[in-house]
Structure formats: structure tokens, C-alpha cells
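Here the protein sequences come in this chain order: A and B. Each residue of the first sequence is one higher than the last, beginning at 456 in the numbering used here. Each residue of the second sequence is one higher than the last, beginning at 93 in the numbering used here. Take a look at the structure below.
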Amino acid sequence: MNGLLRAEVKRLVSRRLARVVALVFLGILLLVQVVGAVRSRDPNAEERVDIAVARQYCEDAKASGEFEPDGDCDQVYTSEDPRYNAKDLLPDAAGSVAVAAAIVGFVVGASYVGAEWAAGTMQALLFWEPRRWRVLLAKGLALVGVMVAFTVAMEVVCFATTLLVGATRGSNEGVSGVLGDAFSTAGRGLIVVTFTSLLGFAVAGLTRVTGAALGAAFVYFAILEQVVAGLRPGLFRYLIAPNIGAVMTGGLSVPAGRGEDDFGETVEILLSVTRGTLTLAVYLVIVLGAFYAVFSRRDVT
Amino acid sequence: MAVIEVAGARKTYTRFRKPPQRAVDGLDLAVPEGGVHGFLGPNGSGKTTTIRMLLGLVKPDSGEIRLLGRPVPEGLPESVQEVGALVETPLFFPNFSGRLNLELLAHVAGLPGSRVDEALERVGLTDRAGDRVKAYSLGMRQRLGIAAALMKRPRLLILDEPSNGLDPAGIREVRELIRHLGANGVTVFLSSHLLGEVEQVCDTVDILVRGKRITSGSVKEVLAARATGEVRVRTEDVALAASTLTGAGYDVTEAGDHLVVANAPDPAAIARALGERGQWVSELTPLTANLESVFLELTAGGGM
């Protein structure tokens with residue numbers, strides 16, 4: 456099994472698509488940071504006034520007990536503040552990297568197995584390892600391992616460059632207060648990356664064509680989910696996208712499908728991270744199970 | 093011991109909105125260990141399906157298959173360690189180099205990296221090993237496929253049309269390689285359309301038609317069973333010789349500048365009959381069957 460796993464990891468990282476996607480991903484990430492660094496500057500007089508007003512508002516609210524600010528009012532920034540502020544950017548940046556990696560995971564997962572069917576190399580591999588469950592397991596593990604490693608690497612680059620730009624061109628003030636949130640977002644992102652990678656892998660395994668898997672994903676996310684959400688809001692919580700949203704955001708309120716409450720508001724329920732993860736896991740078991748059932752019986756011709 | 097045993101194997105492909113296609117129909121096969129074994133049949137006769145069943149790629153509807161004494165598919169993980177295979181067109185990742193393709197397969201089987209170099213050298217691809225496979229000619233891909241099959245140093249080598257795409261020199265090299273392997277303890281199971289090649293390198297042969305084996309045995313036995321008993325006779329005056337031999341009771345057919353005499357178990361008697369009348373023979377050749385004529389006779393209507 457070690458040899459098979461080693462071969463699959465080597466094959467996956469040797470693929471041109473994987474290398475190009477990794478480089479493009481890294482390039483975009485660095486470009487965004489460079490743009491942020493270039494655009495960062497100290498506030499002018501007018502902006503400084505706006506910031507002071509915002510801080511004063513914060514202090515007043517705190518004193519009156521109107522609301523409890525997240526942190527120190529000294530660290531309140533407004534949209535007028537043109538400085539690169541690591542504290543405000545880091546959690547969202549971590550989430551964005553994870554979401555982008557999840558999309559990449561689906562594409563790489565689908566093309567990984569789709570290309571294998573297209574080139575006929577699945578047949579060649581089965582001459583060498585006829586136990587199909589081992590082939591499937593090794594491929595799945597290799598894919599998840601590589602995608603998780605890739606996502607972690609990109610998150611590290613994201614964290615490092617955000618803090619670097621904050622330190623050199625903007626501000627890292629108060630960033631320690633959001634590090635936990637950012638790490639948590641990145642960690643939950645790994646769950647989503649694992650899910651989408653295996654989903655793409657399994658769907659392409661069933662269709663045997665990368666394009667068909669991508670098309671199926673488009674039809675599902677862009678059409679089917681929207682139709683279901685419109686016609687049967689009560690089923691919305693069982694769909695894939697809201698559960699991914701729940702995992703990524705740390706919990707998501709969605710329509711419960713029970714109409715409106717006494718105040719005319721749509722009744723909602725909270726999709727927790729645990730519930731979202733379990734729902735995604737159920738989807739994965741079904742699709743991977745179908746892939747295995749077909750793969751283990753299919754004649755390879 | 094038979095390295096390949098097939099008993100009553102059947103396989104019918106069912107396809108959506110198409111009539112079922114019976115590829116293998118009660119096939120029995122026993123390939124003894126050692127030597128080179130030919131596997132012949134017209135297109136669609138079930139050769140490749142049989143090979144795929146041997147390798148566990150296609151599941152038979154019924155029948156029993158054993159490879160190196162172990163049942164397929166249960167014993168395949170052990171058997172396959174000693175089996176090298178090349179089925180139809182070799183399949184590799186086109187954007188990977190030939191070397192990387194072989195390295196990946198070597199990893200799967202836990203083979204040392206030296207086997208890759210050894211196999212590449214054996215098929216003459218060392219200089220092009222770093223090139224992408226998509227830049228290879230069909231012949232080079234075929235060589236790479238043979239290299240992959242040889243990497244395991246197999247006990248049984250299954251080759252399906254190994255000469256596809258090779259130039260005459262390449263075909264000769266493959267033929268010599270097969271002979272060498274067969275003479276050195278490797279059992280080679282060779283499916284080929286090149287009947288001359290099969291006749292030259294194979295010790296035994298099976299011929300398949302519509303999924304059934306119609307003849308089997310050593311090449312000599314198969315040819316002997318269909319010996320024509322005809323003799324080609326060439327003289328200065330063909331018409332006169334025909335008249336003489338017909339008068340002597342022979343069944344003679346004129347064929348342009350020569351005669352074909354049927355039912356002539358003793359060619360010397362023909363020479364004697366003509367010589368006694370002053371007609372001198374310039375050629376007297378017993379017409380033996382070759383594998384091609386036997387194959388075409390046996391598979392008449394099957395098409396190639």
C-alpha cells in the first residue's frame with residue numbers, strides 16, 4: 456500500500472494541471488498582498504477625523520452599555536482608514552484562501568481521476584494492483600493529503616504575508632486578538648477542502664469524464680440548489696452549499712421551512728459546524744460509495 | 093503445470109440500446125509453462141476479452157480462470173506479481189516522461205529504481221527516457237509498454253499485438269526478444285495478427301473463432317493436420333506434362349507456368365513418371381500448409 460500511495464502522490468504532484476493551479480493560486484495570493492501593500496497609506500486629516508469620531512462613538516457606546524465592542528476602542532478602524540490592517544483582514548483572508556482551495560480541490564479531484572480514465576492509465580494501473588479498493592483508497596488518500604498540504608501551505612503564505620504587509624506597510628495592532636479566529640477558519644476550511652476534493656474525485660469516477668463532473672457540479676450548485684431553495688425552503692438546510700457555508704463561517708442561520716413567525720420574520724434554524732460537517736460527510740459517503748460500487752464491478756475495457 | 097487455465101469461460105457485453113455481444117463463448121484454454129504460446133483469432137474473436145479476463149479487468153459471466161495456478165480474481169494480487177502484460181495500445185500518461193511513467197509503476201509494485209533503467213535499456217529507450225510520452229512514436233510507446241511488462245522480470249508475459257506500430261527492424265527485435273525470453277524460462281502468451289511472426293516464434297498455438305477455441309497444439313501439429321499433399325511441378329512443356337501425369341492417374345491442375353498435382357504422397361513417383369517419357373522436371377516442391385493458410389481456412393468467414 457505504501458508503494459501505491461507513494462506512486463499516487465508522485466503522480467498527483469507531477470501533473471501539469473496541479474502545478475499550474477498551485478502557481479496561479481500562489482501568484483494571485485501574492486498579487487493581492489502586493490496590491491494591499493501598495494494601496495496602504497496613512498490617513499489624511501479628514502480620514503483621521505472620521506476615525507476619531509468612530510472611536511468616540513465606540514467609547515460612548517461602551518460607557519452607556521449600548522453594546523460591547525469586540526476589543527479596545529483604540530483599535531476601532533473605519534472604512535475610511537486606508538491603512539492595511541492585519542486585524543481586520545486576516546480572518547477573511549484565511550476564509551478566502553480556504554474557499555478558493557476548496558474550488559481548486561474539486562477541479563483537481565475531478566481531473567485527477569477523469570484524466571486517468573481518459574488516458575486509459577486506470578487499466579494499466581490495474582495490471583499492477585488488481586485490488587480495486589486499494590487503488591481507490593490510495594488515490595483518495597493521496598488526493599486529500601496533497602490538497603490539505605497545499606491548503607495549509609497557502610494559509611501559511613497568507614498569514615505570513617498579511618502579517619508582513621501589516622508590519623511594514625500598515626498595522627498589526629490587535630492582530631493577536633483575531634489569530635484564534637483566523638486559525639479556526641483555516642482549520643474548518645480544511646474540512647471543506649477535503650469534502651470538495653473527494654466530491655470531485657467521486658463524481659468524475661462515476662462519469663469517467665472530467666468535463667462531465669464539472670458540468671454536474673455547475674448544474675447542481677447553480678441550478679438545482681437554487682430551484683430547491685425557491686420551491687422547498689425547508690430542504691435548504693440539507694443542500695451542500697449551505698452546509699459548506701455553515702462549516703466555513705462557524706455556523707449559519709437558514710430558513711427552517713416553517714413559514715414566518717408572529718413578527719413576520721422567516722423562521723430560521725442554525726446550521727452548526729458539527730451538523731454541517733455531518734451532512735457533508737453523509738453526502739460524501741453516498742457519492743464515494745456509489746463510485747466504489749461501480750468501480751469494483753465495472754469491466755475495464 | 094499450466095500457467096494459464098481457462099475452463100468454460102463466457103462473457104457477453106451488454107450495452108445500452110444495443111444488442112448483447114457475446115465475446116467469449118465457453119472458452120477452454122491451457123497454456124503450459126515455458127516457451128512461446130500463440131493466441132490467434134480474427135478481429136472480434138474474443139482474444140483481448142480473454143486477456144482482460146485473465147488480468148481481472150473484465151469479469152466473466154461464468155467459467156473458471158486460473159493464472160499461475162491461482163484462481164482469478166481471488167489469487168490475482170499474488171499472481172500479478174509474476175505477470176507482465178501489454179494489452180493492445182500501451183497506456184501511459186502523455187505529459188509524463190517515459191521514465192516517470194515506469195517509475196510510478198515500479199513504486200506500485202515496490203520494485204527498485206534500477207529495474208526502470210534496466211527495462212529502458214532492454215527496449216532501447218534509454219536515450220529518450222526523459223522525453224514526454226506524447227512525443228513518442230507509436231513504436232516507441234510500444235517499446236515502453238514492453239519495458240513496463242518486463243520490469244517485474246515476469247514468469248509469464250502476456251503480449252497483445254506487441255508489434256503494433258513497430259518498423260520492420262523493431263518487429264525483428266521484438267521477435268528476437270520474445271524468442272530469447274521463451275528460451276530462458278519465461279512463458280510468453282502472444283496474441284498477434286502477424287501470422288508469419290507467430291509461426292516463427294511460437295511453440296504452441298490456440299486459434300479462436302467467435303469466442304471459441306477451434307484448434308490447439310504445437311505449431312507443427314496444427315500445420316501437419318492440414319497438410320495439403322499437393323506438389324508443384326515445373327517442366328519445359330507444362331501441357332505435355334499435364335497430359336502425361338493425368339494419364340498416370342494423377343489429379344493435375346495447370347497453374348500458368350507450372351502444375352499442381354494433388355494427392356501425391358510420393359513426389360519422386362511424379363519425377364519418375366515424367367522422366368520415363370523424357371520430360372525433365374525443373375521444380376518439384378511439396379506444398380506444405382503455412383499458418384496463414386491454416387488460419388484462413390479455419391476462420392473462413394470470420395474476417396481479420
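Positions of the beta carbon are idealized from the N, C-alpha and C atoms, including for glycine.
Query	Result
Using alpha carbons as the reference points, say which of A:L661, A:G629, A:L669 and A:I695 lies closest to A:Q681.	A:I695
Among B:R224, B:A239, B:G231 and B:S189, which has the Cα closest to the Cα of B:E210?	B:A239
Once you ignore the five residues that flank B:G274 on each side, which residues in its own chain have a CB closer than 8 Å to its CB?	G126, G127, V128, V280, V293 and D295
Excluding the 5 residues preceding and the 5 following A:R692 in the sequence, name in chain order all residues of the same chain whose CB lies nearer than 7 Å to its CB.	V709, I724 and L726
Using the beta-carbon of each residue, which ones in chain A are nearer than 9 Å to B:A227?	The premise fails here: B:A227 is roughly 14 Å from chain A at the closest Cβ pair, so nothing lies under 9 Å.
Is the distance from the Cβ of B:L168 to the Cβ of B:L248 below 8 Å?	no
With a Cβ-Cβ cutoff of 8 Å, do A:T665 and A:G569 count as a contact?	yes
Over the uninterrupted beta strand (DSSP E) stretch that includes A:Q681, give me the two end residues.	It is not in any beta strand (DSSP E) - A:Q681 instead sits in the alpha helix (DSSP H) that spans E680 to L686.
If we call anything under 8 Å between Cβ atoms a contact, is B:L236 one with B:L217?	yes
Three or more beta-carbon pairs under 8 Å between the region 604-615 of chain A and the region 547-566 of chain A, yes or no?	yes
Spell out whether any CB of chain B is found under 8 Å from the CB atom of A:S566.	no
Grab the span of the beta strand (DSSP E) containing A:K542 for me, first residue to last.	Careful: A:K542 lies outside any beta strand (DSSP E), inside the alpha helix (DSSP H) at A541 to A574.
Do the CB positions of B:G155 and B:A94 come within less than 8 Å of each other?	no
Between B:N256 and chain A, is any beta-carbon pair separated by less than 8 Å?	no
How far does the alpha helix (DSSP H) with B:K151 in it reach, from first residue to last?	Per DSSP, B:K151 belongs to no alpha helix (DSSP H) and is neither H nor E.
Establish whether the CB of B:R102 and some CB of chain A are separated by less than 8 Å.	no
Can you give the beta carbon distance from B:A333 to B:L366, rounded, assuming they're within the 8 Å contact cut?	6 Å
Taking C-beta pairs closer than 8 Å, name the residues in chain B that A:V755 reaches, listed in chain order.	R144, L149 and V150
Check the Cβ of B:N355 against every Cβ in chain A and list those closer than 7 Å, keeping chain order.	Ordered by position in chain A, no residue passes the 7 Å Cβ test against B:N355, which lies about 48 Å from the chain.
Touching or not, the region 141-158 of chain B and the region 173-185 of chain B, by the rule of three or more beta carbon pairs under 8 Å?	yes
Interface residues of chain A around B:P186 at Cβ under 7 Å?	A574
Taking only beta carbons into account, state which residues of the region 684-701 of chain A come closer than 9 Å to chain B, listed in chain order.	none
Is the separation between the beta-carbon of B:G303 and that of B:D120 shorter than 8 Å?	no
Hey, does A:R466 have any beta-carbon neighbour from chain B nearer than 8 Å?	yes
Between which residues of its own chain and B:A331 is the CB-CB distance below 8 Å, once the five residues before and five after are set aside?	E346
Can you tell me whether B:Q76 is helix, strand or coil according to DSSP?	Limits of chain B in this structure are 93 at one end and 396 at the other, which puts residue 76 of chain B out of reach.
What first and last residue would you give for the alpha helix (DSSP H) that runs through A:F746?	V728 to R752
How would you write the range of the beta strand (DSSP E) that B:F131 sits in, first residue to last?	V128 to L132
Going residue by residue through the region 206-270 of chain B, where are the continuous beta strand (DSSP E) segments of at least 3 residues, counting only ones entirely within it?	248-252
What number of angstroms, rounded off, separates the C-alpha of B:F184 from the C-alpha of A:R466?	12 Å
Could you have a look at B:F281 and say whether DSSP puts it in helix, strand or coil?	strand
What residues in the region 272-287 of chain B have a beta carbon less than 7 Å from any beta carbon of chain A?	none
Does chain B have any CB closer than 8 Å to the CB of A:E715?	no
Would you call the region 582-591 of chain A and the region 195-215 of chain B touching, i.e. three or more CB-CB distances under 8 Å?	yes
Could you have a look at B:Q113 and say whether DSSP puts it in helix, strand or coil?	strand
When the distance is taken between beta carbons, is B:T391 closer than 8 Å to B:P112?	no
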